[in-house]
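According to numbering that gives the first Met the number 0, the stretch in the sequence shown is residues 0 to 306, in order.
We put the beta carbon where it would ideally sit given N, CA and C, even for glycine.
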Amino acid sequence: MSAAAGFGKVAVLMGGRSAEREVSLMSGKGVLRALQSKGVDAHAFDPAERDLGDLRREGFARCFVALHGRGGEDGTLQGALEMLGVPYTGSGVMGSAIGMDKWRTKMIWLAGGLPTPRYRILSADDDWSEVARDLGLPLIVKPANEGSTLGLTKVAAVAQLPAAYDLAANSYHDLALAEQFIDGAEYTASVLGDQVLPLIRIEAPQGNYDYQSKYFGDDTKYICPCGLDAQKEASLKVLSLKAFRLVGCAGWGRIDLMLDAQGNPWLLEVNTSPGMTGHSLVPMAARAVGILYEDLCVKILEGAHVG
Numbered sequence: 000m001s002a003a004a005g006f007g008k009v010a011v012l013m014g015g016r017s018a019e020r021e022v023s024l025m026s027g028k029g030v031l032r033a034l035q036s037k038g039v040d041a042h043a044f045d046p047a048e049r050d051l052g053d054l055r056r057e058g059f060a061r062c063f064v065a066l067h068g069r070g071g072e073d074g075t076l077q078g079a080l081e082m083l084g085v086p087y088t089g090s091g092v093m094g095s096a097i098g099m100d101k102w103r104t105k106m107i108w109l110a111g112g113l114p115t116p117r118y119r120i121l122s123a124d125d126d127w128s129e130v131a132r133d134l135g136l137p138l139i140v141k142p143a144n145e146g147s148t149l150g151l152t153k154v155a156a157v158a159q160l161p162a163a164y165d166l167a168a169n170s171y172h173d174l175a176l177a178e179q180f181i182d183g184a185e186y187t188a189s190v191l192g193d194q195v196l197p198l199i200r201i202e203a204p205q206g207n208y209d210y211q212s213k214y215f216g217d218d219t220k221y222i223c224p225c226g227l228d229a230q231k232e233a234s235l236k237v238l239s240l241k242a243f244r245l246v247g248c249a250g251w252g253r254i255d256l257m258l259d260a261q262g263n264p265w266l267l268e269v270n271t272s273p274g275m276t277g278h279s280l281v282p283m284a285a286r287a288v289g290i291l292y293e294d295l296c297v298k299i300l301e302g303a304h305v306g
């Protein structure tokens, strides 16, 4: 029996109902092609159009989770797959749920003594001037439970805070989180099993690394090797893996962080189901150590688990 045949029938879960559906379909189609090219009996499966019970009824042996956002990487899907007894890739129920929640992720990191920017949860009746005094300007406002920088605003003046709050809280039906702005270089650390892949430095036009830049723009520069000296990069890898594990994540994922002008690291957030598109960062980091996209997909699939 070939290694690919040993996986059995594989569902690549893609699409879903979240605000990140479009990106999920892009990720899922790439993963599907990659697995099929390696001889895996892989099939597309969109939970927005199919009953998850079909996974058992149709004999799927494991799932590659290429869903992003709510309902796909927030623990709800993972709980359903646990109940069905179908092994799946990525973090489990707890790690997925916490990782999707930026507020609770930050609380855990702070409790563990890890560096993350100061923050506060916003409400509609807040004194916006007091928020600005507390966190300083500029500051970042974003939904607490969305990914792909959806709903994120860089606020430069107090007068901009109400609109930024409205976008984060109302457009995405979410808690809005205000965060201290870190002026520095942005990096991402890709985790694959117990390994942290080479860091990538992100240079976005005017520092605006938004949803459009992430998935559809060509102006953002991704630099790998990242340009840090070996000792500094190694220390950031250790920090990133600790941050990943502290919130209960496993399998594979990504930690986004900043280095300020003094060289101090600041953890921003964790991504438990990163993009796998042509613009995505985990495949880019894997290529830097000689892991092709197709082999990366197989490695991730090998980690499928229940419990």
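Practice task
Would you list the residues sitting across from Ala194 in a DSSP beta bridge?
Solution key: According to the sequence shown, residue 194 is Gln rather than Ala. Gln194 is bridged to Leu191.
Practice task
Go to Cys296, then tell me how far its alpha helix (DSSP H) extends in each direction, as first and last residue.
Solution key: It spans Tyr292 to Glu301 - the alpha helix (DSSP H) in which Cys296 sits, taken as one unbroken run.
Handout entry: Assumed close pair Arg61, Val92 - CB separation to whole angstroms, cut-off 8 Å
Key = The beta-carbon separation of Arg61 and Val92, rounded to 17 Å, does not stay under the 8 Å limit for a contact.
Handout entry: Close beta carbons around Ser170, own chain, < 8 Å, minus the five adjacent residues each side
Key = Excluding sequence neighbours, Ser170 sits near Gly150.
Exercise for the section: Can you check DSSP and say which residues form a bridge with Phe6? Expected result: The partner list for Phe6 (beta bridge, DSSP) is empty, contrary to what the question assumes.
Problem - CA-to-CA distance, Leu291 to Lys298, given in whole angstroms - result: Whole-angstrom Cα-Cα distance: 10 Å.
Problem - Cβ pair count under 8 Å reaching 3, the region 249–256 against the region 183–190 - result: These segments touch.
Practice task
Could you tell me if Ser122 is buried or exposed, where buried requires 16 or more neighbouring beta carbons within 10 angstroms of its beta carbon?
Solution key: Its Cβ having fewer than 16 others within 10 Å, Ser122 is exposed.
Exercise for the section: Pull up the distance between the alpha-carbon of Ala168 and that of Pro142, whole angstroms please. Expected result: Each residue's Cα considered, the two are about 6 Å apart.
Handout entry: Own chain residues within Cβ distance below 8 Å of Leu109, not counting five before or after
Key = Only Thr115 meet the Cβ criterion.
Handout entry: Distance between beta carbons of Arg244 and Gln179, contact taken as under 8 Å
Key = That pair is no contact at about 24 Å.
Problem - Arg103: first and last residue of the uninterrupted alpha helix (DSSP H) it sits in - result: From DSSP, the alpha helix (DSSP H) with Arg103 extends over Lys101 to Ala110.
Practice task
Taking all protein chains shown into account, decide if Tyr214 is buried (16 or more other Cβ within 10 angstroms of its Cβ) or exposed.
Solution key: Residue placement at Tyr214 is flagged as unreliable, the pLDDT there being 49, under the threshold of 50; a coordinate-derived value is accordingly withheld.
Handout entry: Segment contact, 8 Å Cβ cut-off, at least three pairs: the region 94–101 with the region 281–288
Key = Contact fails: fewer than three Cβ-Cβ distances are below 8 Å.
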